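In the UniProt record's numbering, the protein residues as written are 1 to 92.
Printed below as a string of structure tokens:
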């Protein structure tokens, strides 16, 4: 997951925590936390996550795609959290 940008990691976490969100739903969720995200930034980054195998893309209908975390994406998140826990002690 080190090859991902911070924004791509954030998208991955949003997708992992949501049941088959559409691109618009992802945009609304991420915009609440990081500020307005335009389509020109969102969709190329979603496509990159799909191309890298972290996310699967399907269709709700002819006009609306959905995104879901892949097994590879779940593994990457677990591995990232393990790596973070090795370097950061927040137990205090």
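Heads up, the beta-carbon is just placed ideally off N, CA and C, and yes, glycines get one too.
Note that the coordinates shown come from a computational prediction; the quantities given were computed from them, not determined experimentally.
Identity of the residue in the options nearest residue i by Cα
| i | options | result |
| --- | --- | --- |
| residue 23 | 70, 39, 80 and 13 | 39 |
| residue 8 | 62, 37 and 20 | 37 |
| residue 4 | 46, 18 and 57 | 46 |
According to DSSP, residues forming a beta bridge with residue i
| i | result |
| --- | --- |
| residue 59 | 65 |
| residue 72 | Note: residue 72 sits in no beta bridge, so no partner. |
| residue 22 | 66 |
Neighbour-count burial assignment, residue i, 16 or more Cβ in a 10 Å radius
| i | result |
| --- | --- |
| residue 55 | buried |
| residue 91 | exposed |
| residue 34 | exposed |
| residue 66 | buried |
CB of residue i within 8 angstroms of CB of residue j, strictly
| i | j | result |
| --- | --- | --- |
| residue 72 | residue 53 | yes |
| residue 69 | residue 15 | yes |
Rounded Cβ spacing between residue i and residue j (contact assumed at less than 8 angstroms)
| i | j | result |
| --- | --- | --- |
| residue 29 | residue 42 | Actually they do not touch by this definition, with Cβ atoms about 11 angstroms apart. |
| residue 1 | residue 80 | 5 angstroms |
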